[in-house]
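Residue numbers for the sequence shown follow full-length UniProt numbering, beginning at 1 and rising by one. Cβ atoms here follow ideal geometry from the backbone N, Cα and C, with glycine treated the same way. Down below is the structure, laid out as structure tokens.
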Amino acid sequence: MTVVHLLSGLGGVARLTELVAAGTGRAAITTACERAQVLRVARGICALPNHDPAVVDALRLGVELACVSAAHHRGLWILRQPRLMHVATDHGRQIDTAGLRVHRAARRVTDLVVCLQVMRCLPELDALCIVESAVVRGAVTLDDLREHVVGHRSGALRRIVALIDPQAESILETVARYRLLEAGFHVASQVQVSGVGRLGLVVDGVLGVEADGREYHSDRRAFEEDRRRWNLLPARGMPVLRVTWSLLQRDPDTFIRLVRAALEAHSAP
Numbered sequence: 001m002t003v004v005h006l007l008s009g010l011g012g013v014a015r016l017t018e019l020v021a022a023g024t025g026r027a028a029i030t031t032a033c034e035r036a037q038v039l040r041v042a043r044g045i046c047a048l049p050n051h052d053p054a055v056v057d058a059l060r061l062g063v064e065l066a067c068v069s070a071a072h073h074r075g076l077w078i079l080r081q082p083r084l085m086h087v088a089t090d091h092g093r094q095i096d097t098a099g100l101r102v103h104r105a106a107r108r109v110t111d112l113v114v115c116l117q118v119m120r121c122l123p124e125l126d127a128l129c130i131v132e133s134a135v136v137r138g139a140v141t142l143d144d145l146r147e148h149v150v151g152h153r154s155g156a157l158r159r160i161v162a163l164i165d166p167q168a169e170s171i172l173e174t175v176a177r178y179r180l181l182e183a184g185f186h187v188a189s190q191v192q193v194s195g196v197g198r199l200g201l202v203v204d205g206v207l208g209v210e211a212d213g214r215e216y217h218s219d220r221r222a223f224e225e226d227r228r229r230w231n232l233l234p235a236r237g238m239p240v241l242r243v244t245w246s247l248l249q250r251d252p253d254t255f256i257r258l259v260r261a262a263l264e265a266h267s268a269p
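Take a look at the structure:
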């Protein structure tokens, strides 16, 4: 295995001692650095050119990324960027906490540990976005999570796990579904509509809701398919609301009012 492949498997950043312990010779590391395939970003620390600077900062401090910072590094769905870098270190170890949110952990920060940390640390919706994406991507399973949220002190964590939809396709869909459930609506996800295809969310069985990001139309074909669906759904008696990230996150009250108005208009004689 090359140094580049080994570093990729370690998250793009690793201590020199880790690379050597994994079987990479120092000569191979030196060659990779000379070819600019690998960078020496700090004393005893190597990284790929596209490395996450936060991981380097954590290694310099002798800690690991944790909670939302680790989730961001792993490409999970992040609702809001953290103001502080979240890190994990052993119980009882003293470190300078300036600019850090420290989580005490007696074990390595795995994907499961990250999920448990965010559910204990972040607001409910922020945590749901991260944990749901971990389930969607196969980083953890619902059974894994359920097994670790038992006990009378884990009620809030169990509520988050109960909200997870393994079929969710984007953070926008997760946020929209959460807002709708909190407002008391019945919500079904990834509903198959005959002749149309799947619809992201259906509210109270009659109103479609699709959450679109700027990157939604990847090409002309996607645009044409979107317009085909857009025309067919009302023709089949199902109105559809298309909502943006800005509306869902910055003005959720308006989003809910739009949903109520659309439902009322649909049910009017």
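DSSP state of residue i mapped onto helix, strand, coil
i, result
"R153", "coil"
"G195", "coil"
"G9", "helix"
"M85", "strand"
"V187", "strand"
"L207", "strand"
"E182", "helix"
"V114", "helix"
"Q167", "coil"
"Q249", "helix"
"V148", "As written in the sequence, residue 148 is His, which differs from the Val given in the question. H148: coil per DSSP, three-state reduction."
"W77", "coil"
"H217", "Summary for H217: the model assigns pLDDT 47, below 50, so the residue's position carries little reliability; its value from the coordinates is reported in the next sentence. Of the three classes helix, strand and coil, the one that applies to H217 here is coil, per DSSP."
Which residues DSSP lists as bridging residue i, in chain order
i, result
"C46", "A14 and R40"
"G212", "What sits at residue 212 in the sequence shown is Asp, not Gly. Looking at the DSSP assignment, D212 forms a beta bridge with T244."
"H103", "A88"
"E64", "A88"
"L201", "S189 and V209"
Nearest-angstrom Cα separation, counted from residue j out to residue i
i, j, result
"G151", "V161", "14 Å"
"V13", "A139", "20 Å"
"L112", "H266", "43 Å"
"L263", "L247", "18 Å"
"H51", "D96", "24 Å"
"Y216", "L207", "Residue placement at Y216 is poorly supported in this model, since its pLDDT is 46, which falls under 50; the coordinates are not used for a value here."
Rounded distance between the beta-carbons of residue j and residue i, thought under 8 Å
i, j, result
"I171", "V135", "Not a contact, Cβ separation roughly 13 Å."
"P166", "L145", "Contact doesn't hold; Cβ gap of about 11 Å is too wide."
Problem set entry | Sufficient close CB pairs (3 or more, under 8 Å) joining the stretch 195-202 to the stretch 228-247 | yes
Exercise. Does the stretch 63-78 touch the stretch 97-108, meaning 3 or more C-beta pairs lie closer than 8 Å?
Worked result: yes
Problem set entry | Given 8 Å, three or more beta-carbon pairs between the stretch 172-183 and the stretch 118-136 | yes
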